[in-house]
Amino acid sequence: METPSHPSELLVRIENLSRLYGETLAVNQVSFELKRGEVLGFLGPNGAGKSTSMQMITGNLAPTAGQITINGFDLIDQPIEAKSCIGYLPENPPVYRELTVIEYLSYCARLHRIPSTRLRSALDDAMQHCGLEQVGKRLIGNLSKGFQQRVGIAQAIIHQPPVVILDEPTVGLDPIQIREIRKLIKALGKDRSVILSTHILPEVQSICDRVQIIRRGELIYHATIDELNKRGQGNSLTVAFRHAPPVQELQQLAGIQHITALDEHRFQIQFEPDDFAEQLVSQSVQHHWGLFELIPDNTSLEQIFVELTTDEHPDLGTDAEQAA
Amino acid sequence: MIWTIARREITSMFVSPLAWVILAVIQAILGWMFLAQIENFFVLQPQLIELENTPGVTDIVIAPIFSLAAIILLMIMPLLTMRSLAEEKKNKTIYLLFSAPISITQLVLGKFLGLLLFVLILISMLMLMPLSLMPGTELDFGKLLSIYIGMVLLLGSFCAIGLYLSSLTDNQTIAAVTTFGALLMLWIIEWNSDQTLFHYLSLLAHHQPLLEGIFSSTDVSYFLLIMLLFIGLTIRQLDGDRLQH
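Quick mapping for you: the protein sequence lines, in order, are chains C and S. The first sequence begins at 48 in this note's numbering and counts up one residue at a time. The second sequence begins at 738 in this note's numbering and counts up one residue at a time.
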């Protein structure tokens, strides 16, 4: 498949995407862009419109309004070309339970027009990436949920698409598998665009370059992960001293905005300047406070998420709590 | 692309017991019927010799078997076609096809071709029975060919109708029941009615002449139109699915 190369390497462009389900506006005027080499985390409470958006971007659902351009191809005018640039893992892995892993992946490869001479190597690559070598001859229906999920991911990357779209890829996996899949997604993100929907927030912080939060079908927050980390990390930390000084003494330190004693050793401190932690450590050494713990509070994404998805909408509260 | 999908259909049918069971049951029933007809033929033989322009073994033994096969298959085909799209929708595997770089037309034609291939296997197996008479008697191969084409056209129409009704729902049982109802309706529509319209609509009314070796373009066009119509409707339905879920 010949793919037009753009200098900016803009692979995904979504403009004013909207979708109506009867009277309900499931997705409202969503616009964003994604370049090669970026991993975008798509966040939102359950039912916010994440899956609907992804279904539209992958051509499974026709948008009510808006334009989707994948790798320079309009999804509506040139669906075949656009779709050949996408690998998609839906919420439920679309696997045929009665086929073996190899049979299934060969079928997917043929659907994506991989010539039969390259079929074997494409199959081996995808299976190796997703750790499926041991189960190639087993029936998918007999595999555990985690393996089925991995087969689903293998299906999405077998044709080496420039755009990979994964809808909650780590659901149902055990912690070790989750780590492997995250590693895989990070590796994919190096030379492709990846869109990832999830409501596991640490996942986003560990693998995404950019985050956007959707609520009630509208994009309400959009930031790079660096911005987010700065916003969160800079101003709060928890410290613990073996020989803790009185709170009043700590409050004298330059840059402290607010201090809360958690117990007789631990304090939560909100501060202003960037080099506060260094100062605190040197002070601690000078005064023999016996510093043994210093943890930057890094819960900003969760805070932002909860703030944005719950405020003045108590009816959404439970959803957001689950998601958080 | 169409062939890839058709091949997956056939593979899935034959890795599950369903295809084998259907083949076995039909073969057993019609095999029994075949023996009964041959016995019948021996009883009738002395009388036949006296007649002028006698009906041959093809008319007396083989045509009735395929006439019965048509009715048995009318009841069994819905069980095969019910899966084709309803199951994909239910298991959400339809997303794989919708996000693959293929058109809906290719997808539907692939599904139809898969079913048709199964039908060809089925009819070819049934054809072995009359062919087994070859060493003992002379067969009318023109009529056999007409019967074969007639069966393919009839079952192809069953498949197209079943495929469409399977695209309307994600419940296989509903797909099977509605297909069975529709096929039965298209069979009995000519009963107790001398209106030519109803007679024209009947599937089996167009099938009968082909069994008798009368190859008329009206009948052939009727079956081709039915297939075309329902394949077209299926494509339309799946396209519409993306517009409103």
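Glycine is no exception: its CB is placed at the ideal position from the N, C-alpha and C atoms. From a predicted model like this one, the values you see are computed outputs, not experimental measurements.
Annotated as distal: Leu902(S) and Ala743(S), with beta-carbon spacing of 8 Å or more. Excluding five sequence positions before and after Leu146(C), the CB atoms of its chain that fall closer than 8 Å to its own CB belong to Tyr154, Leu186 and Ile187, given in chain order.
Using a CB distance cut-off of 8 Å, Ile839(S) counts as an interface residue toward chain C.
About 5 Å separates the beta carbons of Ile841(S) and Leu975(S), which is inside the 8 Å limit, making them a contact pair.
For Arg60(C), the enclosing beta strand (DSSP E) starts and ends at Leu57 to Tyr68.
When the beta-carbon positions are compared, Leu81(C) and Ile212(C) stay at least 8 Å from each other. Looking from the CA of Ile267(C), the closest CA among Glu354(C), Leu284(C) and Pro216(C) belongs to Glu354(C). Per the coordinates, the alpha-carbon of Arg60(C) lies some 8 Å from the alpha-carbon of Ser78(C).
DSSP places Asp956(S) in the uninterrupted alpha helix (DSSP H) bounded by Ser954 to Leu980. Taken in chain order, no unbroken stretch of beta strand (DSSP E) lies wholly in the region 866-938 of chain S with a span of 3 residues or more. Not flagged as an interface residue toward chain C: Leu850(S), since no C-beta distance is shorter than 8 Å.
Closest in alpha carbon position to Ser163(C), among His206(C), Ala201(C), Pro126(C) and Phe352(C), is His206(C). Note: Ala112(C) is bridge-paired with Ser65(C) in the DSSP secondary-structure output. Taking 7 Å as the cut-off between beta carbons, the residues of the region 94-126 of chain C near chain S are Thr105, Gly106, Asn107, Leu108 and Ala109, in sequence order.
Taking 8 Å as the cut-off, the Cβ atoms of Ala806(S) and Leu767(S) count as close. Taking a beta-carbon distance threshold of 8 Å, Val758(S) does not count as an interface residue toward chain C. At a Cβ-Cβ threshold of 8 Å, His269(C) and Leu90(C) do not count as neighbours. Leu891(S) is positioned such that its CB atom lies no closer than 8 Å to that of Val794(S). Relative to Asn107(C), the option among Ile127(C), Lys184(C) and Gln252(C) whose CA is nearest is Ile127(C). Taking a Cβ-Cβ threshold of 9 Å, none of the residues of chain C is close to Lys827(S); the smallest such distance is about 11 Å.
For the region 153-187 of chain C, the residues whose beta carbon sits under 9 Å from a beta carbon of chain S are, in order, Tyr154, Cys155, Arg157, Leu158, His159, Arg160 and Leu186. Neighbourhood of Pro141(C) in chain S, by CB distance below 8 Å: Asn828, Lys829, Thr830, Ile831, Tyr832 and Leu833, in chain order. From the listed residues Asp310(C), Arg197(C), Leu158(C) and Arg157(C), the smallest Cα separation to Met174(C) is found for Arg197(C). Linking Gly193(C) to Lys233(C) through their CA atoms gives a straight-line distance of about 19 Å. Neighbourhood of Ser903(S) in chain C, by CB distance below 8 Å: empty, with the nearest CB roughly 16 Å away.
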